[in-house]
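If you want my numbering, it's the position in the sequence shown, counting the first as 1, plus 1. Some notes on the structure that comes next.
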Amino acid sequence: MAGRDSTGPRGGAMRRHAEWMGKADDRILELLQTDGPKTPHELRDEMAARGTGTVYQRTDIERRCERLAAYGLIAYDGYGKCERTALGERYLLGELDANELDRSDGSPGRGRARD
(Lines of atoms letter the chains of each structure in order from A and count residues from 1; the text may use other names and numbers.)
(Lines give C-alpha, C1' and ligand atoms only; values in the text may rest on other atoms or scores of the structure.)
Protein backbone atom coordinates (compact mmCIF):
# COMPACT_ATOMS: atom_id res chain seq x y z
CA MET A 1 0.00 0.00 0.00
CA ALA A 2 1.48 3.35 -0.98
CA GLY A 3 1.87 6.24 1.43
CA ARG A 4 -0.21 9.39 1.14
CA ASP A 5 0.93 12.65 -0.40
CA SER A 6 0.41 16.18 0.85
CA THR A 7 1.62 19.67 0.27
CA GLY A 8 3.20 21.90 2.87
CA PRO A 9 1.17 24.42 4.89
CA ARG A 10 1.98 27.18 2.41
CA GLY A 11 1.21 25.13 -0.69
CA GLY A 12 4.83 24.03 -1.06
CA ALA A 13 6.23 20.96 -2.78
CA MET A 14 4.40 17.64 -2.68
CA ARG A 15 5.49 15.50 0.26
CA ARG A 16 5.49 11.74 -0.06
CA HIS A 17 4.39 10.10 3.19
CA ALA A 18 5.22 6.56 4.23
CA GLU A 19 2.76 4.09 5.75
CA TRP A 20 4.54 4.35 9.12
CA MET A 21 3.93 8.10 9.34
CA GLY A 22 1.25 9.44 11.67
CA LYS A 23 -1.02 12.44 11.45
CA ALA A 24 1.18 14.55 13.72
CA ASP A 25 4.47 13.89 11.94
CA ASP A 26 4.31 16.69 9.36
CA ARG A 27 3.22 19.16 12.03
CA ILE A 28 6.12 18.13 14.29
CA LEU A 29 8.60 18.59 11.44
CA GLU A 30 7.08 21.94 10.47
CA LEU A 31 7.26 23.24 14.04
CA LEU A 32 10.89 22.18 14.35
CA GLN A 33 11.61 23.96 11.08
CA THR A 34 9.97 27.24 12.08
CA ASP A 35 10.63 27.30 15.84
CA GLY A 36 13.86 25.32 16.22
CA PRO A 37 14.57 22.50 18.72
CA LYS A 38 11.77 21.63 21.16
CA THR A 39 10.95 18.91 23.65
CA PRO A 40 7.93 16.67 22.96
CA HIS A 41 6.10 18.56 25.74
CA GLU A 42 6.82 21.89 24.04
CA LEU A 43 5.73 20.47 20.69
CA ARG A 44 2.45 19.24 22.16
CA ASP A 45 1.77 22.61 23.79
CA GLU A 46 2.60 24.49 20.59
CA MET A 47 0.36 22.22 18.51
CA ALA A 48 -2.50 22.85 20.94
CA ALA A 49 -1.89 26.61 20.92
CA ARG A 50 -1.90 26.74 17.12
CA GLY A 51 -5.13 24.77 16.87
CA THR A 52 -4.18 21.73 14.82
CA GLY A 53 -7.65 20.26 15.33
CA THR A 54 -6.39 17.26 17.30
CA VAL A 55 -5.39 17.15 20.97
CA TYR A 56 -2.32 14.99 21.57
CA GLN A 57 -0.98 13.60 24.82
CA ARG A 58 2.71 14.15 25.61
CA THR A 59 3.31 10.40 25.29
CA ASP A 60 1.74 10.42 21.80
CA ILE A 61 4.16 13.11 20.68
CA GLU A 62 7.08 11.29 22.34
CA ARG A 63 6.23 8.13 20.36
CA ARG A 64 5.99 10.08 17.11
CA CYS A 65 9.36 11.76 17.82
CA GLU A 66 10.95 8.37 18.53
CA ARG A 67 9.58 7.05 15.23
CA LEU A 68 10.73 10.12 13.26
CA ALA A 69 14.18 9.75 14.85
CA ALA A 70 14.31 6.03 13.98
CA TYR A 71 13.91 6.98 10.32
CA GLY A 72 16.39 9.87 10.54
CA LEU A 73 13.97 12.77 10.00
CA ILE A 74 14.75 14.27 13.40
CA ALA A 75 17.45 13.91 16.05
CA TYR A 76 15.99 12.81 19.41
CA ASP A 77 17.55 10.69 22.12
CA GLY A 78 14.36 10.20 24.14
CA TYR A 79 15.24 12.74 26.83
CA GLY A 80 16.02 16.19 25.47
CA LYS A 81 14.95 18.37 22.62
CA CYS A 82 14.04 17.20 19.15
CA GLU A 83 15.83 18.75 16.21
CA ARG A 84 15.10 18.47 12.49
CA THR A 85 17.83 16.77 10.45
CA ALA A 86 18.95 17.32 6.86
CA LEU A 87 16.71 14.38 5.86
CA GLY A 88 13.80 16.06 7.63
CA GLU A 89 14.46 19.25 5.70
CA ARG A 90 14.57 17.35 2.40
CA TYR A 91 11.27 15.66 3.26
CA LEU A 92 9.61 19.01 4.05
CA LEU A 93 10.84 20.41 0.73
CA GLY A 94 9.34 17.44 -1.14
CA GLU A 95 12.78 16.22 -2.21
CA LEU A 96 12.59 12.94 -0.28
CA ASP A 97 10.10 10.09 -0.47
CA ALA A 98 9.64 8.86 3.11
CA ASN A 99 8.91 5.36 1.75
CA GLU A 100 12.59 5.11 0.80
CA LEU A 101 13.80 5.52 4.38
CA ASP A 102 14.95 2.57 6.48
CA ARG A 103 14.85 2.42 10.26
CA SER A 104 18.22 3.20 11.77
CA ASP A 105 17.39 1.61 15.14
CA GLY A 106 17.56 -1.99 13.89
CA SER A 107 13.82 -2.61 14.27
CA PRO A 108 11.89 -4.33 11.52
CA GLY A 109 11.15 -1.80 8.77
CA ARG A 110 8.15 0.12 7.57
CA GLY A 111 5.40 -0.61 10.07
CA ARG A 112 2.04 1.12 9.92
CA ALA A 113 1.53 4.37 11.80
CA ARG A 114 -0.14 4.26 15.19
CA ASP A 115 -1.67 7.59 16.16
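Ideal Cβ placement from N, Cα and C applies to all residues, glycine included.
Please report the residue range of the beta strand (DSSP E) in which residue i lies.
| i | result |
| --- | --- |
| Arg16 | 15-17 |
Who are the Cβ neighbours of residue i in its own chain at under 8 Å, not counting the five residues just before and after it?
| i | result |
| --- | --- |
| Asp36 | Glu47 |
| Thr86 | Gly73, Leu74, Ile75, Ala76 |
Looking only at its own chain, which residues have a Cβ that is under 6 Å from the Cβ of residue i, when we skip the five neighbours before and after it?
| i | result |
| --- | --- |
| Gly89 | Leu30, Leu74, Ile75 |
| Pro38 | Lys82, Glu84 |
| Glu63 | Pro41 |
So the alpha helix (DSSP H) residue i belongs to, where does it begin and stop?
| i | result |
| --- | --- |
| Gly95 | Here Gly95 belongs to no alpha helix (DSSP H), and DSSP marks it neither H nor E. |
For residue i, list the residues DSSP reports as bridge partners.
| i | result |
| --- | --- |
| Ile75 | Arg85 |
To which residues of the same chain is residue i closer than 7 Å at the C-beta, ignoring the five residues directly before and after it?
| i | result |
| --- | --- |
| His42 | Arg59 |
| Tyr57 | Ala25, Arg45, Met48 |
Assign residue i to one of two classes, buried (16 or more other C-beta atoms within 10 Å of its C-beta) or exposed (fewer than that).
| i | result |
| --- | --- |
| Asp103 | exposed |
| Tyr80 | exposed |
| Asp26 | buried |
| Arg65 | buried |
| Glu96 | exposed |
| Gly54 | exposed |
| Leu94 | exposed |
| Gly52 | exposed |
Flag residue i as yes when its Cβ comes closer than 7 Å to any non-hydrogen atom of the ligand PLP, and as no otherwise.
| i | result |
| --- | --- |
| Asp78 | The model depicted lacks the ligand PLP and carries no ligand whatsoever. |
Let me know the alpha helix (DSSP H) ranges lying completely inside the region 26-51, each 4 residues or longer, listed in chain order. 26-36, 41-50
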